[in-house]
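Report on the following structure.
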Amino acid sequence: MRKGVFVAFCLLLAAVLIGPVGHTSAAPYFRDVGTTHRAAKEIYYLAQGKMVQGSSSGYFYPSKNVTRAEAAAIIGRTLNFDGTQRATKFKDVGKGNFASGYIQEAVEKNIISGYNDGTFRPNQFVTRGEMALLINRAYSLGGNTISTAIQQLMAKGIAQGLADGTFGQDQPIIRADFAVFIARAINPKFRVHYQFTAVQQATVNASTLNVRQGPSTNFSTVAVLKKGEKVEILHIVGNWAYVRASGIEGFVHTAYLSGMSPSNPTDRLLQYVKTQTIIIDPGHGDYDPGAVANGLKEKDINLSVALKVKSLFEDTGFRIALTREKDVFVPLSGRVDFAKKMNGDIFVSIHTNSGGGTGTETYYYSAAATNPYVEKSKKLAQCIQKRLVEAWNAADRGVKKGDLHVLRENNMPAVLVELGFIDRKEDAKKLGSSYWQGEAAKAIYLGILDYYASESGLNFQPLYDRVQ
Ligand SMILES: [Zn+2]
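Mind the numbering: the sequence shown is residues -26 to -1, 1 to 442 in mature numbering (1 follows the signal peptide of the UniProt record, and there is no 0), read in order.
Below is the structure:
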């Protein structure tokens, strides 16, 4: 079928489907979109949900750029935010701004942030890269940098990139493309490709439940489910779930589903992290100073970094315990016993190197005979090593296999990091600096989050944002 005919057919089909349901208002129509614009079906879909609007004279302006305020409003409407205008935390977004309610709620939900100078810059245009990150945060797709966010959009069939093979991340995005990306993000049927892989199951708890074309009651009903029917959930958009049941796919409100884990991604994250105990092990102590050089003692550096890691994890929901919090001696076996007694889920030992090299290395134990968590230990080591090398711009000595007591005798994913060389002037400058110790602690924090994010598949954005 030619595209124009196909679109006309879809509109006709939509009219037929909408017809018997009754309450839906007339199908939207924009003069500058017509029926043949390449983004027509996505634009009309979002317009049906009252997520995008045109001018009062019936124009959509598909080629205009999207401002940050407009982006917040459109995304906020897809998530059913209360858009009531209100005061915001930004000096350049007053209550009078049409998007003030959406902007403030998007900030509270960690979807969008402002600038360090306290502004939001509501009239600045959104780039394609920023759009990718916004979509990842809004719909919990997992990308937390522009490049990983773009990868996620490609992998999920939401984006294809430009004709020249790039994503054009620095180019401003136009309204037509923004509509296409948003429609694909919320409704998999618009995607270039998608696979229905259920993330969880639930049961209908209302006597009848409408399955709709989109995540709001503005969308028409495509089917009705009955109490007790089981549904598979592909993804969540705000308080709506995209489900499959009896061969039908569409959106239902999560209030009418039982047996779901919390639908709010932040709640899901908090519920998960509460189950995890992180053991941090600052090496040496008291009469065992570890390596000594350049006026520094290893035991002090290890403890100082460990305490900073602890304070970063405080109030995240994770349980965190240190094998020592003071300048005391703890034997190696005591450190492992402590980790086991605390029911630790991961173990991170912090040390400082010596012997004339330079740079950072991280160890794990590679024989499963005593500690079975070889692959997870290796993954944890890779995550922390990567962040540490970035944070200190240090020589990357890599992730290494090490037959070390605290790794070998443990029964949880366990790693030992060697931050740098105490007997190397350049490394020692960082090892002895409170600022650089803080950067190392942040790197260990982020590396641990990277590990947990990949283990759980949850969106750790709120916890990344605490240090970024
Ligand atoms: Zn040591």
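For each residue, glycine too, the CB sits at the ideal point set by N, CA and C. Source: prediction; values computed, not measured.
- Under the three-state reduction of DSSP output, SER307 falls in the helix class.
- At a threshold of 7 Å, GLY406 does not count as near ligand 1, since its beta carbon sits no closer than that to any of the ligand's heavy atoms.
- Considering only GLY50, GLY394 and TYR246, the residue with the shortest C-alpha distance to SER328 is GLY394.
- Relative to the non-hydrogen atoms of ligand 1, the Cβ of HIS167 never comes closer than 7 Å to any of them.
- Cβ neighbours of ALA388 within its own chain (closer than 6 Å, five residues either side excluded): PHE321, SER351 and LEU381.
- Shown here for ARG361: same chain residues with a beta carbon closer than 6 Å to its own, the five before and five after excluded, namely ALA417, LEU420 and GLY421 in chain order.
- Taken in chain order, the complete beta strand (DSSP E) segments of 3 residues or longer contained in the region 318 to 399 are 320 to 327, 334 to 338, 370 to 375 and 388 to 395.
- Around the C-beta of GLU299, fewer than 16 other C-beta atoms lie within 10 Å, and the residue is accordingly described as exposed.
- Under the 8 Å Cβ criterion, the region 172 to 179 does not count as touching the region 126 to 143, having fewer than three qualifying pairs.
- Assigned with DSSP and collapsed to three states, PHE225 falls in strand.
- In this structure, ILE207 sits near ALA215, with a CB-CB distance shorter than 8 Å.
- DSSP links PHE99 through a beta bridge to THR41.
- With a contact defined as Cβ atoms closer than 8 Å, ALA402 and ASN268 qualify at about 4 Å.
- Note: ASN184 is bridge-paired with VAL198 in the DSSP secondary-structure output.
- If you draw a straight line from the Cα of LEU354 to the Cα of ALA414, it is about 16 Å long.
- Exclusion of the five residues before and after GLY331 leaves PHE395 as the residues of its chain whose Cβ lies within less than 6 Å of its Cβ.
- Between VAL304 and GLY259 a beta carbon distance of about 6 Å is seen, short of the 8 Å cut, so the two are scored as contacting.
- Taking 8 Å as the cut-off, the beta carbon of THR336 is found closer than this to the beta carbon of ILE358.
- Going by beta carbons, VAL211 and VAL185 fall outside the 8 Å limit.
- Under the DSSP definition of a beta bridge, ILE252 partners with ILE294 and ILE320.
- Of all alpha-carbon atoms in THR10, ASP255 and MET316, the one lying nearest the alpha-carbon of ASP301 is that of ASP255.
- DSSP places ASP439 within a helical segment (H, G or I) once states are collapsed to three.
- Excluding the 5 residues flanking it on each side, LYS248 has same chain C-beta neighbours closer than 6 Å at GLY291, in chain order.
- Listed in chain order, the non-local C-beta contacts of TYR35 below 8 Å within the same chain comprise ASP6, GLY28, SER29 and ARG149, local neighbours out to five positions each way being set aside.
- For HIS325, the shortest separation between its Cβ and any heavy atom of ligand 1 lies below 7 Å.
- Counting other Cβ atoms within 10 Å of its Cβ, ASN90 stays below 16 and is therefore classed as exposed.
- With a cutoff of 8 Å on beta-carbon distance, ASP319 and MET234 are scored as not near each other.
- Assigned with DSSP and collapsed to three states, VAL173 falls in coil, not helix or strand.
- The bridge partners DSSP lists for HIS209 are TYR216.
- Collapsing the DSSP output to three states places LEU231 in a strand.
- Closest in alpha carbon position to THR62, among LEU53, ALA46 and GLU400, is ALA46.
- THR177 and VAL198 have their C-alpha atoms spaced approximately 14 Å apart.
- In the three-state DSSP reduction, LYS130 falls in the coil class, being neither helix nor strand.
- Listed as beta-bridge partners of LEU270 by DSSP are ALA267.
- Look at GLU383: its beta carbon is at least 7 Å from all of the heavy atoms in ligand 1.
- Contact between PHE152 and VAL40 is confirmed by a C-beta separation of about 5 Å, below the 8 Å threshold.
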